[in-house]
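First residue of the sequence shown: 107, per the numbering used here; consecutive thereafter.
To keep things clear, I will list the structure first and then write my remarks on it.
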Amino acid sequence: MKDSNRTVRWGILGTARIAEKISIAIHQAENAELTCIASRDSQRAADWAQKHHVKRSVGSYEALLADSEIDAVYIPLPPSLHGEWTVRAARAGKHVLCEKPLALNVNQAREMRRVCLENQVQLMDGVMWYHHPRAREILQKIRSDALGEHRRFTSAFTICWDNIPENDLRLQRDLGGGSLGDLGWYCIGATLWAFNELPQKVFGTSRSYEDNDVDYNFSGTMWFSKDRIASFDCGFDVCMRKWFEIAGTKASLVCNDFTRPWDNGRPKFFINDAQGNSIKYETEDPLQETCMINHFCDIIRSGRLEQQWSDLGINTQRVLNAIDYSARTEQVVNLADFFPQ
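Rendered as structure tokens:
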């Protein structure tokens, strides 16, 4: 039901670190209210609520989902729990903003989408940069003739751990860990966002952390129609890099901080031509977390679900699973054969 002045009431399932950034964004967003925080430890929830200015706290996720005063939930839980709690939230009539990777596998992600559609609630993964004004301007350049015919999309997202964090879920495969899911998700998603279609085949290579079967460093290649190729690398053992380049027959577009601007006050990207000339574009500078929350709230208030966001998340999951399988089997994977339509 459309209600342009409606205040969207949010609940958060869990007190993970990323939840702090989203709580700030909800407080800053227009006509949004952070109503409740849930934790399996009631004292932890109460302490978190006091620190982050949340009206109420509860000692279970079930209690939050049963609350009739909650419209939307944010799920920052480990990936192994995304499927269960997204489905339960949707059946409780809550719109769902879920951290990435969306699920452990594409079949689980598709089930999440199915239940959300069945219950007429929005499903979106928590990739923030898609919703920033800079992304909108970059996409306009990509869809124009500014670059000519597209040929390559190259990207990287890496961080360097000085000390390996003990018991970190990113080093536990059964919890959805690994650099591919944590960092490569952004690179794969950006590629699909730019090319606006799925690759025909993929190939991946990885290096594991000791003997725990988790990719610590990953490189991937994706082949698309119209002679387009994409490649990326991600990992926990390379200095911070978060860039992409899309290159065409006329020029290339470069964004050297696509996941988050190095300088929040000056988001920018560049178009470079074949003669070495470079044009810098600077865009508006709102915080991307707030942009995402505002967009999500606008969807709820409009009464019209935007299925492209769950579709992009599911397609990203599908390619991620296929390229992970490729790395583990050392084979090129045809996407149509790996996950038939």
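Even glycine gets a Cβ: it sits at the ideal position worked out from N, Cα and C.
Is ARG279 closer than 7 Å to ASP288 when the C-beta atoms are compared? no
May I ask you to report which of helix, strand or coil DSSP gives SER312? strand
Could you tell me the distance, in whole angstroms, from the CA atom of ARG249 to the CA atom of THR297? 14 Å
Please look up how many angstroms separate the CB atoms of PRO367 and GLY282, rounded, as I've assumed it's under 8 Å. Between GLY282 and PRO367 the Cβ distance is about 27 Å, and since that is not below 8 Å, they are no contact.
Boundaries (first-last residue) of the beta strand (DSSP E) holding ARG162: 162 to 164
Compute the beta-carbon to beta-carbon distance between ALA138 and CYS403, rounded to the nearest angstrom, for a pair I have assumed lies under 8 Å. 5 Å
Alpha carbon of TRP291 to alpha carbon of ARG240, nearest angstrom: 20 Å
Go ahead and label MET346 buried or exposed: buried means 16 or more other beta carbons lie within 10 angstroms of its beta carbon, across all protein chains shown. exposed
So what's LEU441 in DSSP terms, helix, strand or just coil? helix
Using only CA atoms, which one of MET328, THR396, LEU171 and LEU223 lies nearest to LEU441? MET328
If we count Cβ pairs, one from each stretch, closer than 8 Å, do we get three or more for the segment 198 to 218 versus the segment 413 to 427? yes
Any idea if ARG146 is buried or exposed, counting beta-carbon neighbours within 10 angstroms, 16 or more meaning buried? exposed
Neighbourhood of SER72 by C-beta, 6 Å cutoff - its chain only, sequence neighbours within 5 removed: With the chain represented from 107 up to 447, any question about residue 72 goes unanswered, as that position is not in the structure.
Rounded to the nearest angstrom, how far is the Cβ of SER432 from that of GLY310, given a contact under 8 Å? 4 Å
Under a three-way DSSP split, which group does SER331 fall into? coil
If you draw a straight line from the alpha carbon of TYR180 to that of GLN413, how long is it in whole angstroms? 18 Å
Going residue by residue through the segment 118 to 163, where are the continuous alpha helix (DSSP H) segments of at least 4 residues, counting only ones entirely within it? 123 to 134 and 148 to 157
Rank PHE301, TRP349 and ILE352 by C-alpha distance to the C-alpha of PHE330 and give the top, closest one. PHE301
For the pair the segment 216 to 230 and the segment 368 to 386, tell me if three or more CB-CB distances fall below 8 Å. no
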